[in-house]
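Input: a single structure, listed below in structure tokens.
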Amino acid sequence: MVNVVTSAGRNGVHDFILLRASAIILVLYTLLIAGFFMVTPSVTFEVWQAFFAGMSVKVATVMALLALLVHAKIGVWQVLSDYVKPAFLRGALQFIFSVTLLAYLVFGFLTVWGV
Numbered sequence: 081m082v083n084v085v086t087s088a089g090r091n092g093v094h095d096f097i098l099l100r101a102s103a104i105i106l107v108l109y110t111l112l113i114a115g116f117f118m119v120t121p122s123v124t125f126e127v128w129q130a131f132f133a134g135m136s137v138k139v140a141t142v143m144a145l146l147a148l149l150v151h152a153k154i155g156v157w158q159v160l161s162d163y164v165k166p167a168f169l170r171g172a173l174q175f176i177f178s179v180t181l182l183a184y185l186v187f188g189f190l191t192v193w194g195v
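First residue of the sequence shown? That's 81 in the working numbering, and the numbers climb one at a time after it.
Written out as structure tokens, the structure is:
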């Protein structure tokens, strides 16, 4: 059996399913936010804060954040695999993007649960 070293344990089907699932989660979250704006006559800071204080909106926001990060991680990996040929440079860029996405995750959690 042939093992692909560059995939880090993933395969194309796994990435395909993750991309589609994360895209669906992001669409649903976008519809949630758009629906909020459609049914709320005037959005003030207090209304916005009360909306995000609800547990269901916090969970939806965290799920959307995770979906966005998964989507970005796979997308960056695919683009770098296709267009950056030197292995060291590709690895360094993947590391930089991974650290950046991890920082986004931490700050996203702090923002969502700080409300």
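Glycine is no exception: its CB is placed at the ideal position from the N, C-alpha and C atoms.
Euclidean distance between Cα positions of residue 167 and residue 131: Near 46 Å, if we compare the C-alpha coordinates of residue 131 and residue 167.
Exposure of residue 133, with buried meaning 16 or more beta-carbon neighbours within 10 Å: Result: exposed.
Stretch-stretch touch, CB-based, cutoff 8 Å, three pairs: the region 111-126 with the region 149-165: At 8 Å Cβ cutoff, the stretches do not touch.
Residue 102: first and last residue of the uninterrupted alpha helix (DSSP H) it sits in: First-last of the alpha helix (DSSP H) with residue 102: 92-119.
Beta-carbon contacts of residue 98 that lie in its chain and below 7 Å, excluding the five residues immediately before and after: Spatial neighbours of residue 98 in its own chain (CB-CB distance under 7 Å, excluding positions within 5 residues in sequence) are listed in chain order as 150 and 154.
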